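Asks:
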Amino acid sequence: MMTSDASKTNALSALLMLCLSAGAMFSVTTQAAEASQTVTISSASSESLSTRQQAIPLIAAFMAISDMPSLNAALNQGLDAGLSISETREILVQLYAYVGFPRSLNALNELMTVVQARKQRGIADAPGREPSRAIPVGAELLAAGTANQTKISGAPVKGPVFEFAPVINQFLQTHLFGDIFERDNLDWQSRELATVGALAATPGVESQLRSHMLASLRVGLSEAQLRQVTDLLKKHGDAQTAERAGTALAQALAASRK
Numbered sequence: 000m001m002t003s004d005a006s007k008t009n010a011l012s013a014l015l016m017l018c019l020s021a022g023a024m025f026s027v028t029t030q031a032a033e034a035s036q037t038v039t040i041s042s043a044s045s046e047s048l049s050t051r052q053q054a055i056p057l058i059a060a061f062m063a064i065s066d067m068p069s070l071n072a073a074l075n076q077g078l079d080a081g082l083s084i085s086e087t088r089e090i091l092v093q094l095y096a097y098v099g100f101p102r103s104l105n106a107l108n109e110l111m112t113v114v115q116a117r118k119q120r121g122i123a124d125a126p127g128r129e130p131s132r133a134i135p136v137g138a139e140l141l142a143a144g145t146a147n148q149t150k151i152s153g154a155p156v157k158g159p160v161f162e163f164a165p166v167i168n169q170f171l172q173t174h175l176f177g178d179i180f181e182r183d184n185l186d187w188q189s190r191e192l193a194t195v196g197a198l199a200a201t202p203g204v205e206s207q208l209r210s211h212m213l214a215s216l217r218v219g220l221s222e223a224q225l226r227q228v229t230d231l232l233k234k235h236g237d238a239q240t241a242e243r244a245g246t247a248l249a250q251a252l253a254a255s256r257k
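Residue 56 in numbering that gives the first Met the number 0 sits at position 57 of the sequence shown; the count goes up by one each step and never skips.
#1: Kindly list the residues whose CB is nearer than 6 Å to the CB of A34, restricted to its own chain and excluding five residues on each side of it in sequence; keep chain order.
#2: Could you give the distance in angstroms between the alpha-carbon of G236 and the alpha-carbon of A138?
#3: Would F115 be called buried (16 or more neighbouring beta carbons within 10 Å of its own) or exposed?
#4: Mind pulling the alpha helix (DSSP H) runs of 4 or more residues that sit fully within the stretch 210-243?
#5: Count Cβ pairs between the stretch 170-183 and the stretch 86-106 that sit closer than 8 Å; are there 3 or more?
#6: From the DSSP output, in three-state form, read off P101 for me.
#7: Report all residues from its chain with a CB closer than 6 Å to the CB of I55; omit the five preceding and five following residues, and keep chain order.
#8: Select from M67, E86, Q172, A244 the residue whose C-alpha is nearest the C-alpha of R51.
#9: Compare the beta carbon distance of T265 and V113 with 8 Å and say whether it is the shorter of the two.
#10: Run through DSSP, which three-state label would F163 get?
#11: For S3, count the other beta carbons within 10 Å of its own beta carbon; 16 or more makes it buried, fewer makes it exposed. Which is it?
#12: Starting from L74 and walking both ways along the alpha helix (DSSP H), at which residues does that stretch end?
#13: With a 10 Å radius around its C-beta and 16 neighbouring C-beta atoms as the bar for buried, classify N168 as buried or exposed.
#14: Taking 8 Å as the cut-off, decide whether the C-beta atoms of L225 and L248 are in contact.
#15: Among G158, P101, R88, which has the Cα closest to the Cα of G127?
#16: Taking buried to mean at least 16 other C-beta atoms within 10 Å of its own C-beta, is M62 buried or exposed?
#17: Below 8 Å on the Cβ atoms is my guess for L232 versus A241; work out the distance and round it to an integer in Å.
#18: Kindly indicate which three-state DSSP category A43 falls into: helix, strand or coil?
#19: Since T110 and L74 are thought to touch, with beta carbons under 8 Å apart, how far apart are those beta carbons, to the nearest angstrom?
#20: Under the three-state reduction of DSSP, which class applies to S131: helix, strand or coil?
#21: Which same chain residues, not among the five before or five after L15, have their C-beta less than 7 Å away from its C-beta?
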C-alpha cells in the first residue's frame, strides 16, 4: 500500500475520504428525499431471506468488527449456502467504502484461507464470475454512477456538505456508484444486506444505517426480510448490533409510510 509516488498517495487519500463519506451521503440524501417526495419501495419477491442471503449481513458484521473466528464461520456458512467465491469476494471488496481498507484487506485474506481449507477438504466452491460488462469511463462513468446513486438514494443527491466539498460527491458518483455498483457480479439487494450488516455492527453511524434500511426497501427487500436480518444479528452477533438494526428499521419504515 505504501509508495513514494506522490500522485498515488494523493489518489489513496481521495479514496480514504470516500470511505469516511459514503455513509454520510446516504444520511443527507435520505433526509432530502423524505422532505421532498414519498419513498418508492420496490416489490419484494419473497418474505424470507434465502439461506444465501442470510449469510451476507453476518459476514459483513463480523468483518466490520474484525472478529476473525466468527467471520471464518460466516464465510463457510455463506459458501455452503451457495455464495460463489466471486460474490463473497465482492462483498468484502465493496465494504472497504464503509469500514475501511484495513478491514477489507484482512477479510479478503481470511476468505483466501477459508477457500483453501475447503479445497483441501475436497469442497469445490463455485468460482462465480467477473462482471459481465466493461465498466464505463469518463463522462459515461459519471452518468452511470449518478443514475445509480439517485435510484438507491431515492432522490438526486444534494445538500450543504456537497456544496462545501463538491469533489466528494464526484468520488461517490464515479467510484462507489460507478466503478463498484456497475459491477454486476453481485446484485444490489446483496450489496445493501452487506452494508446494513456492517453499519449495524459499527457504533456511531446510526443515521447512515437508517438510510441504508431505506435503500434496502428501495432495491426490493421486504420489511419481513429486514426484520429477519435483525433476528440473525441478535442470534449470531450481539444485542447492541441487533438493537441498532431494529431501531434503524423502525425509523426507516416510519419514514417510508409518510
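Just so it is clear, CB atoms sit at the ideal spot from N, CA and C, and this is done for glycine as well. Model, not experiment: these values are computed from the prediction.
Replies: Straight from the coordinates:
#1: Note that A34 scores a pLDDT of 34, beneath 50, so its modelled location is shaky; the value from the coordinates is reported in the next line. Result list for A34: empty, nothing under 6 Å.
#2: 42 Å
#3: Per the sequence shown, the amino acid found at residue 115 is Gln instead of Phe. The residue in question, Q115, is exposed, as its Cβ has fewer than 16 Cβ neighbours within 10 Å.
#4: 222-235
#5: yes
#6: helix
#7: S189, L192, A193
#8: E86
#9: Given a span of 0 to 257 for the chain in the structure shown, any question on residue 265 remains unanswerable.
#10: helix
#11: With a pLDDT of 43 at S3, under the threshold of 50, the modelled position of this residue cannot be trusted; read the value that follows with caution. It counts as exposed.
#12: 67-79
#13: buried
#14: yes
#15: R88
#16: buried
#17: 4 Å
#18: A caution first: A43 carries a pLDDT of 43, below 50, which makes its placement in the model unreliable, though a value can still be read off. Coil at A43, not helix or strand.
#19: It should be pointed out that residue 110 corresponds to Leu in this sequence rather than to Thr. With 8 Å as the limit, L110 and L74 qualify as a contact, their Cβ atoms being about 6 Å apart.
#20: coil
#21: Reliability of the predicted coordinates at L15 is poor, the pLDDT of 41 falling under 50, and the value obtained from them is presented with this limitation in mind. Closer than 7 Å at the Cβ level, and outside the excluded window around L15, lies no residue.
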